[in-house]
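When we follow the working numbering, the leftmost residue of the sequence shown carries the number 29, and every step to the right adds one.
Comments concern the structure below.
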Amino acid sequence: MIEVKNMSFGYPGQKERVFKNFSLKLEEDRIYGLLGKNGTGKSTLLYLISGLLRPDSGTVCYDGMATYKRQAEVLSEIFLVPEEFELPSMTLERYVRLNEPFYPRFSREVLENCLRDFELETNLELGALSMGQKKKVFMSFALAAGTRLLLMDEPTNGLDIPSKSQFRKVVAQNMSDDRILIISTHQVHDVEALLDHILILSQREVLLNASVTEIMEKYVFEYRTPDQMGADVLYAEPTLQGNAVMAERQEGAAETQVNLELLFNAVTKGLIK
Numbered sequence: 029m030i031e032v033k034n035m036s037f038g039y040p041g042q043k044e045r046v047f048k049n050f051s052l053k054l055e056e057d058r059i060y061g062l063l064g065k066n067g068t069g070k071s072t073l074l075y076l077i078s079g080l081l082r083p084d085s086g087t088v089c090y091d092g093m094a095t096y097k098r099q100a101e102v103l104s105e106i107f108l109v110p111e112e113f114e115l116p117s118m119t120l121e122r123y124v125r126l127n128e129p130f131y132p133r134f135s136r137e138v139l140e141n142c143l144r145d146f147e148l149e150t151n152l153e154l155g156a157l158s159m160g161q162k163k164k165v166f167m168s169f170a171l172a173a174g175t176r177l178l179l180m181d182e183p184t185n186g187l188d189i190p191s192k193s194q195f196r197k198v199v200a201q202n203m204s205d206d207r208i209l210i211i212s213t214h215q216v217h218d219v220e221a222l223l224d225h226i227l228i229l230s231q232r233e234v235l236l237n238a239s240v241t242e243i244m245e246k247y248v249f250e251y252r253t254p255d256q257m258g259a260d261v262l263y264a265e266p267t268l269q270g271n272a273v274m275a276e277r278q279e280g281a282a283e284t285q286v287n288l289e290l291l292f293n294a295v296t297k298g299l300i301k
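Below is the structure:
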């Protein structure tokens, strides 16, 4: 569905380009985790995919159509939830009436279900909400829009601990087989149970592009005592529970849940590819 091909992009006035000859393909029925250090272009990539930025060269296409052209049939299938946004001072009902016509598969039932799971009412005055409440409302609208491509930039920033759990539930219950969800985040533990594919960016390339299943087949993530640190250990960090370890998975060993923080550090240090 999404193909980025030989794409280069830089902001005016900056000597260094954010991307140079960058390529990437994204397939439907995936929840992607987009990870990278500050300044690696995660947010920029989301804006290029959504068509809000135009590449200097190369292409960014949705189903073969360049997103920067912002054709109606493309825009109706893409929804971006940026890290920072404003909602107008109006009722939620009026906001929905004004915006739902842009999205052919918009579902008021999904919107109401999401709001209920976030413990919010439907008769809301948007201007009176806290930032965390606004984020919940906007993400609920995004899921209700029914777009085939949904982009979220740091969606759990500003949410308290119960709300982060609610977010995972809301997303999991409203994904469908024909959708792509890309979550760009630094808060890896907030979303690692949701993701089924991991993308790790460096300054100009993809360091890792692998499904969670592939990662679990190759590696184990566990705690070990100092005398258990064998040659299979690829990366380790000391913790109060012992050494948090990413190691090669041995034949017959049980699968373990992916620890995104360990994986990210191992990849960015060049210990695995």
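Yeah, the Cβ is synthetic: ideal placement off N, Cα and C, and Gly gets one too.
With contacts defined by Cβ atoms closer than 8 Å, S212 and E182 form a contacting pair. Exclusion of the five residues before and after D145 leaves Q194, K197 and V198 as the residues of its chain whose Cβ lies within less than 7 Å of its Cβ.
Under the DSSP definition of a beta bridge, Y247 partners with E276.
About 7 Å separates the beta carbon of L291 from that of I243, a gap short enough to meet the 8 Å contact definition.
DSSP places S71 in the helix class (H, G or I) of the three-state scheme.
8 Å or more divides the Cβ of I106 from the Cβ of T150. In this structure, the CA atom of Y90 is about 28 Å from the CA atom of Q215. Taking a contact to require three or more Cβ pairs closer than 8 Å, the segment 112-129 and the segment 68-77 do not qualify as touching. Per DSSP, F37 is one residue of the beta strand (DSSP E) stretching across I30 to F37. In the DSSP assignment, R252 forms a beta bridge with N271. Boundaries for R232: no beta strand (DSSP E) harbours it, and the DSSP string shows neither H nor E there. Bounds of any beta strand (DSSP E) do not take in V286, whose DSSP letter is neither H nor E. C-alpha of Q201 to C-alpha of H217: approximately 19 Å in a straight line. By the CB criterion at 8 Å, L299 and Y263 fall inside the cutoff. Annotation: the segment 150-210 contains the following complete segments of the alpha helix (DSSP H) (minimum length 4 residues), in chain order: 159-172 and 189-201.
Sequence-distant partners of V261 (beyond 5 residues in either direction) whose C-beta falls short of 7 Å from its own C-beta, in its chain, are V273 and A275.
According to the DSSP assignment, L63 belongs to no alpha helix (DSSP H) but to the beta strand (DSSP E) extending over R58 to G64. For L126, the enclosing alpha helix (DSSP H) stretches over residues L120 to N127. Relative to the Cα of Q99, the nearest Cα in the group Y123, I208, F130 and E140 belongs to F130. Going by DSSP, L143 is part of the alpha helix (DSSP H) stretching over R136 to D145. Residue range I106 to V109 is occupied by the beta strand (DSSP E) that includes V109.
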